[in-house]
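Colleague: Following this message is one structure expressed as structure tokens.
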Ligand SMILES: [Zn+2]
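Residue numbers (the numbering used here): 399 to 518.
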């Protein structure tokens with residue numbers, strides 16, 4: 399499996415949040431569900447389909463099983479879009495395609511396990 403590390407170079411190789419983001423991006427199919435953008439991890443973001451329910455914040459997760467479960471259940475309510483499309487969605491110009499929830503939980507869990515082996 400190919401995990402991109404475009405934003406940072408090797409300096410942050412062991413930053414687990416970045417790894418998690420990278421994993422999430424891969425598990426969401428690697429590109430914006432609206433326009434197919436896939437050039438940079440930094441420009442991909444997660445759009446919560448029920449924003450009133452909860453914020454999806456990778457920045458706050460810790461490396462615990464509980465948080466990983468939370469992350470997975472949040473991810474299932476999200477779609478991945480690029481910053482451009484996200485801004486358009488937020489301002490009502492673009493609609494999220496209805497069939498675009500493509501979070502691959504199985505793939506995520508498997509990769510997570512492999513990565514946790516290295517981190518812990
Ligand atoms: Zn896009």
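We put the beta carbon where it would ideally sit given N, CA and C, even for glycine.
Is the beta carbon of residue 479 within less than 8 angstroms of some heavy atom of ligand 1?
Modeller: yes
Colleague: Please state if the CB of residue 430 and the CB of residue 442 are separated by a distance shorter than 9 angstroms.
Modeller: yes
Colleague: Tell me whether residue 417 is buried or exposed, calling it buried when 16 or more other Cβ atoms sit within 10 Å of its Cβ.
Modeller: buried
Colleague: Is the beta carbon of residue 434 within less than 8 angstroms of some heavy atom of ligand 1?
Modeller: yes
Colleague: Please classify residue 439 as buried or exposed, where buried requires at least 16 neighbouring CB atoms within 10 angstroms.
Modeller: buried
Colleague: Mind reading off the beta-carbon distance from residue 457 to residue 415? Whole number of angstroms is fine, and I expect it under 8 angstroms.
Modeller: 7 angstroms
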